[in-house]
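There are 2 protein chains.
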Amino acid sequence: MLSVYEQLAAEGYLAGTTGSGTTVACTLPAVAPAPEQPATAAEPRGQQRLSWQGERLAASPFPVFEAATPLRTFRANQPDLHAFPVAIWHKLQLRCSKATDPKAMGYGEAAGLRSLRQAIADHLRYSQRIVCRTEQVMILGSAQQGLDLCARLLLDPGDSVLVEDPGYPGASHVFGLTGAKVIGMPVDHYGMKTEPALPVTPDMRLAYVTAAHQSPLGGVMPIERRLALLAWAEACNATIIEDDYDSEYRFKGTPLSALKSLDQGERVIYMGTFSKLLYPSLRLAYLVVPDGLVDAFASAISLTCRHVSRFQQEVLSLFIAEGHFARHLRHMRLLYGERAEIFQQACQAHLQGLVSVPPITTGLDATAFLPERANDLEVANLLGNQGIEARPLSFYRVKQMPAPGLVLGFSAFDGDAIRAGVAAMGQALERCLK
Amino acid sequence: MLSVYEQLAAEGYLAGTTGSGTTVACTLPAVAPAPEQPATAAEPRGQQRLSWQGERLAASPFPVFEAATPLRTFRANQPDLHAFPVAIWHKLQLRCSKATDPKAMGYGEAAGLRSLRQAIADHLRYSQRIVCRTEQVMILGSAQQGLDLCARLLLDPGDSVLVEDPGYPGASHVFGLTGAKVIGMPVDHYGMKTEPALPVTPDMRLAYVTAAHQSPLGGVMPIERRLALLAWAEACNATIIEDDYDSEYRFKGTPLSALKSLDQGERVIYMGTFSKLLYPSLRLAYLVVPDGLVDAFASAISLTCRHVSRFQQEVLSLFIAEGHFARHLRHMRLLYGERAEIFQQACQAHLQGLVSVPPITTGLDATAFLPERANDLEVANLLGNQGIEARPLSFYRVKQMPAPGLVLGFSAFDGDAIRAGVAAMGQALERCLK
Numbered sequence: 007m008l009s010v011y012e013q014l015a016a017e018g019y020l021a022g023t024t025g026s027g028t029t030v031a032c033t034l035p036a037v038a039p040a041p042e043q044p045a046t047a048a049e050p051r052g053q054q055r056l057s058w059q060g061e062r063l064a065a066s067p068f069p070v071f072e073a074a075t076p077l078r079t080f081r082a083n084q085p086d087l088h089a090f091p092v093a094i095w096h097k098l099q100l101r102c103s104k105a106t107d108p109k110a111m112g113y114g115e116a117a118g119l120r121s122l123r124q125a126i127a128d129h130l131r132y133s134q135r136i137v138c139r140t141e142q143v144m145i146l147g148s149a150q151q152g153l154d155l156c157a158r159l160l161l162d163p164g165d166s167v168l169v170e171d172p173g174y175p176g177a178s179h180v181f182g183l184t185g186a187k188v189i190g191m192p193v194d195h196y197g198m199k200t201e202p203a204l205p206v207t208p209d210m211r212l213a214y215v216t217a218a219h220q221s222p223l224g225g226v227m228p229i230e231r232r233l234a235l236l237a238w239a240e241a242c243n244a245t246i247i248e249d250d251y252d253s254e255y256r257f258k259g260t261p262l263s264a265l266k267s268l269d270q271g272e273r274v275i276y277m278g279t280f281s282k283l284l285y286p287s288l289r290l291a292y293l294v295v296p297d298g299l300v301d302a303f304a305s306a307i308s309l310t311c312r313h314v315s316r317f318q319q320e321v322l323s324l325f326i327a328e329g330h331f332a333r334h335l336r337h338m339r340l341l342y343g344e345r346a347e348i349f350q351q352a353c354q355a356h357l358q359g360l361v362s363v364p365p366i367t368t369g370l371d372a373t374a375f376l377p378e379r380a381n382d383l384e385v386a387n388l389l390g391n392q393g394i395e396a397r398p399l400s401f402y403r404v405k406q407m408p409a410p411g412l413v414l415g416f417s418a419f420d421g422d423a424i425r426a427g428v429a430a431m432g433q434a435l436e437r438c439l440k
Numbered sequence: 007m008l009s010v011y012e013q014l015a016a017e018g019y020l021a022g023t024t025g026s027g028t029t030v031a032c033t034l035p036a037v038a039p040a041p042e043q044p045a046t047a048a049e050p051r052g053q054q055r056l057s058w059q060g061e062r063l064a065a066s067p068f069p070v071f072e073a074a075t076p077l078r079t080f081r082a083n084q085p086d087l088h089a090f091p092v093a094i095w096h097k098l099q100l101r102c103s104k105a106t107d108p109k110a111m112g113y114g115e116a117a118g119l120r121s122l123r124q125a126i127a128d129h130l131r132y133s134q135r136i137v138c139r140t141e142q143v144m145i146l147g148s149a150q151q152g153l154d155l156c157a158r159l160l161l162d163p164g165d166s167v168l169v170e171d172p173g174y175p176g177a178s179h180v181f182g183l184t185g186a187k188v189i190g191m192p193v194d195h196y197g198m199k200t201e202p203a204l205p206v207t208p209d210m211r212l213a214y215v216t217a218a219h220q221s222p223l224g225g226v227m228p229i230e231r232r233l234a235l236l237a238w239a240e241a242c243n244a245t246i247i248e249d250d251y252d253s254e255y256r257f258k259g260t261p262l263s264a265l266k267s268l269d270q271g272e273r274v275i276y277m278g279t280f281s282k283l284l285y286p287s288l289r290l291a292y293l294v295v296p297d298g299l300v301d302a303f304a305s306a307i308s309l310t311c312r313h314v315s316r317f318q319q320e321v322l323s324l325f326i327a328e329g330h331f332a333r334h335l336r337h338m339r340l341l342y343g344e345r346a347e348i349f350q351q352a353c354q355a356h357l358q359g360l361v362s363v364p365p366i367t368t369g370l371d372a373t374a375f376l377p378e379r380a381n382d383l384e385v386a387n388l389l390g391n392q393g394i395e396a397r398p399l400s401f402y403r404v405k406q407m408p409a410p411g412l413v414l415g416f417s418a419f420d421g422d423a424i425r426a427g428v429a430a431m432g433q434a435l436e437r438c439l440k
């Protein structure tokens, strides 16, 4: 979900070379001001005038060009693409390609290939304790598309949507396109705070949470908060989007069940993506939607894109059904767990007194907190000048400025690279924090 | 673009078995009523309440499940999938799959793979006389996605958009999602009428035309109308979407240049799809956008889907660059041209006095006009009961009821099937038109 930011970094958004320290602040994805009516005449842009929504679509927080710069420590949200089982994938592609048949070349089902939806439903049953019907699984090209569909189907101008603050900018930006009010809720080390009580007002329609691994602070939402969130949704007749972008990579503690698995009232839309679990350019993601929304989502997909390209859906359905997916996840969980361990040890050795790194239990990245008065954007820029990528926590701000900190990706680098990177970071931080 | 309708037919939308003659009329894609403010509270749907836009997204004119019924004469907009060069495609897939590299597995460029965009730009230069930069080509998953992006970027609630009446329902439906006023303009055998003058009012923002092969009446827009349309766009500061879904299959007359090739003022967005030219489940389409809109489109793609899956883009770029695409088009143009000829001869032999079929010059389908007082929906239903698929012209109505007629696809059927189908249709029409 988040690996876009390393591209921002790579493109100089976060690592300006000459006093461009405010670049990021200027381009922070503004939450739409939620006008009563989204019809403000926009300024002409070249010859064409963009719509109110168009002006906001034209200000994506994502980079539109691929980062051409090579991967550097500690670019965040990077799966290790060298560890992907390309030989197996190639065999499956070959098999699917050979079997190409005119019957498979016409229009498919809007919600996606049955075999893939079935494979995902089967996988979720044991990995997330989600019990759902095949029909509830909607195949999409990306998590962004899922967020966009949820927003368009559920949000009217003036409605309210709760998001985590700090939180994932790609979500709040897309919600803002509808003219809805995007309300940032405070986050601590256990995810979105539900105490004091979440606001129950008639305009509440949606909440967006990364319950299994809060982005960016890394917290896991405990059961009490999950239940409080579900009760809030019942009270408001609202829907919860549970964005699970990397919880499969949980190294420590008991495996978690999804918030969706607690959902008695059809309140939760569960969202998963293969960008981190497999590779980003595959462009496959999915939603598990409540029964009452299946038809609406299928229709919306049909109208706005017809359906996702078939071939890669076929390959992925075989990859899951034949056990390669589960095996790959086990392998990567071990690999990333080892790297998390190496990263933490290196931080203890080199970053004592400079930053504090809470224990890493899940995912591809660590959160490192800076001394209270540090400016994390400046620190990230300075590190960038030293060849080290770091994403400032302030990048995830919705409204409230978070504690200064850095998001550091360890997952795509081997032990030597991690140790060397942390040592270099220690030296750079020594200089800049003194 | 249109081959969805045969699925509607296949699913019984057009061929109800028992007195369901009004089914289509009821499910005709309503043009949104263009409220001043799209915030009408919708009725609860199950537990979740959909937004104003959501209610319209949930009423897609496309079927959400693939037609399971076998292909029958004369299902419209069907490329002949048995004639696709699967062996060459397979070889290219194999080559791309073998070359999979971690560098190609990360996030790509929002607007699409450079090599594919270049290949398309090169192709358009000779096939459509469109001269554009690679950067202006935006790769998408479908024409529907292209229409949706254009609508969201350019239309505010209350803006006006001109569409052809009769015309493609997938376009008017998507435009209506924005709350814009969708205004149907009369169409004759030369496409959208520009005389008397097109309406020039301050709210005009967009026009949608199928200039090369009007959908559904089949007309080719002459140069005078093209220039009038461009002048209208200049006068209104509006944009024209030129939807070219099958003009590569022009059997007779001089090859046409695109409306876009006349565009001096950056007024035209040209849209192409590979659904008819190659096969629908590939899910690749593109826009050529004016320079002034390149950044806005790339950003909008990035925000709403990041980018299209890479693998099939690679395969297609090789398919075009190595000449297979041009060769395939030549082959199919001959094949479809022969079938059009056979179809016309069969109509002369069997349908004299029942329907009139204007000469077929382009595309996959013919328009057959019924006697003035016939009800084309009833006729299509009766034919459906006889195992013959036909799509009524009234299905394409925006506001004005068109002359009664049928859209009949000849492209996916060999000579014997066409002759047998037309003969059977003649018998059925004899009975129902007497």
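Sequence lines, in order, name chains A and B.
Positions 7 to 440 (our numbering) are the ones given, in order, by the first sequence.
Positions 7 to 440 (our numbering) are the ones given, in order, by the second sequence.
Ideal Cβ positions, reconstructed from N, Cα and C, are used throughout, including at glycine.
Predicted model only: the values in this text are computed from it and were never measured.
Residues of the segment 301-324 of chain B with a Cβ closer than 8 Å to any Cβ of chain A, in chain order: Asp301, Ala302, Ala304, Ser305, Ala306, Ile307, Ser308, Leu309, Thr310, Cys311, Arg312, His313, Val314, Ser315, Arg316, Phe317, Gln318. Per DSSP, reduced to three states, the secondary structure at valine 314 of chain A is coil, with no helix or strand assignment.
Spatial neighbours of alanine 116 of chain B in its own chain (CB-CB distance under 8 Å, excluding positions within 5 residues in sequence) are listed in chain order as Ala304, Ser305, Ile307, Ser308, Arg312, His313.
Here the C-alpha atom of tryptophan 58 of chain B lies approximately 7 Å from the C-alpha atom of aspartate 162 of chain A. Taken atom to atom, the span from the alpha-carbon of glycine 182 of chain A to that of methionine 210 of chain A is near 14 Å. Of all alpha-carbon atoms in B:Ala418, B:Ser178, B:Phe80, the one lying nearest the alpha-carbon of alanine 65 of chain B is that of B:Ser178.
DSSP, reduced to helix, strand and coil, places phenylalanine 68 of chain A outside both helices and strands of the structure shown, so it counts as coil.
With a contact defined as Cβ atoms closer than 8 Å, threonine 216 of chain A and tyrosine 174 of chain A qualify at about 7 Å. Secondary structure remark: continuous alpha helix (DSSP H) runs of at least 4 residues inside the segment 71-135 of chain B, in chain order: 92-104, 120-133.
Per the C-alpha coordinates, the member of A:Phe68, A:Thr79, A:Pro69 positioned closest to arginine 425 of chain A is A:Thr79. Assignment of glycine 359 of chain A by DSSP, reduced to helix, strand and coil, places it in the coil class. DSSP, reduced to helix, strand and coil, places leucine 283 of chain B outside both helices and strands of the structure shown, so it counts as coil.
Your pair glutamine 319 of chain B and leucine 122 of chain B checks out as a contact, with CB atoms roughly 5 Å apart and the cut at 8 Å.
Contact between glutamate 254 of chain A and leucine 335 of chain A holds, with the beta-carbon distance rounding to 5 Å and staying under 8 Å. With respect to chain A, the C-beta atom of tryptophan 238 of chain B has no partner C-beta closer than 8 Å.
CA-to-CA, the gap between arginine 55 of chain A and leucine 159 of chain B works out to about 9 Å. If you draw a straight line from the Cα of alanine 105 of chain B to the Cα of alanine 430 of chain B, it comes to about 52 Å.
Listed in chain order, the non-local C-beta contacts of aspartate 250 of chain A below 7 Å within the same chain comprise Ala218, Ala264, Tyr276, Met277, Gly278, local neighbours out to five positions each way being set aside. DSSP places lysine 187 of chain A within a strand segment (E or B) once states are collapsed to three. When DSSP reads this structure, isoleucine 275 of chain B sits in a beta bridge with B:Ile247. Tyrosine 342 of chain B and glycine 421 of chain B have their C-alpha atoms roughly 11 Å apart. Taking a contact as a CB-CB distance under 8 Å, the pair phenylalanine 349 of chain A and alanine 372 of chain A counts as one, their CB atoms being some 6 Å apart. The alpha-carbon separation between tyrosine 285 of chain B and leucine 236 of chain A amounts to approximately 44 Å. Using a Cβ-Cβ cut-off of 7 Å, histidine 96 of chain B is close to Ser103, Lys104, Thr106 of chain A, given in chain order. Distances from the alpha-carbon of tyrosine 292 of chain A to those of A:Pro76, A:His129, A:Gly224, A:Asp107 put A:His129 closest.
Phenylalanine 181 of chain B: member of the alpha helix (DSSP H) spanning 175-182, first to last residue. Judged by their CB atoms, cysteine 438 of chain B and leucine 388 of chain B are nearer to each other than the 8 Å cut-off. Taking 8 Å as the CB threshold, valine 404 of chain B stays off the interface with chain A.
Across the structure, glycine 225 of chain B and leucine 233 of chain B are spaced so that their CA atoms are roughly 16 Å apart. Interface annotation, tyrosine 276 of chain B: not in contact with chain A, CB-CB separation never under 8 Å.
Taking 4 residues as the minimum length, the alpha helix (DSSP H) runs contained wholly in the segment 325-393 of chain A are 330-356, 382-391, in order along the chain.
For aspartate 422 of chain B, the uninterrupted alpha helix (DSSP H) segment begins and ends at 421-439. Burial check for proline 408 of chain A: the Cβ neighbour count within 10 Å reaches 16 or more, so the residue is buried.
Contacts with chain A (Cβ-Cβ distance below 8 Å) from the segment 241-261 of chain B involve Asn243, Thr245, listed in chain order. At a cut-off of 8 Å between beta-carbon atoms, alanine 213 of chain A makes no contact with chain B.
The Cβ of glycine 60 of chain A sits closer than 8 Å to at least one Cβ of chain B.
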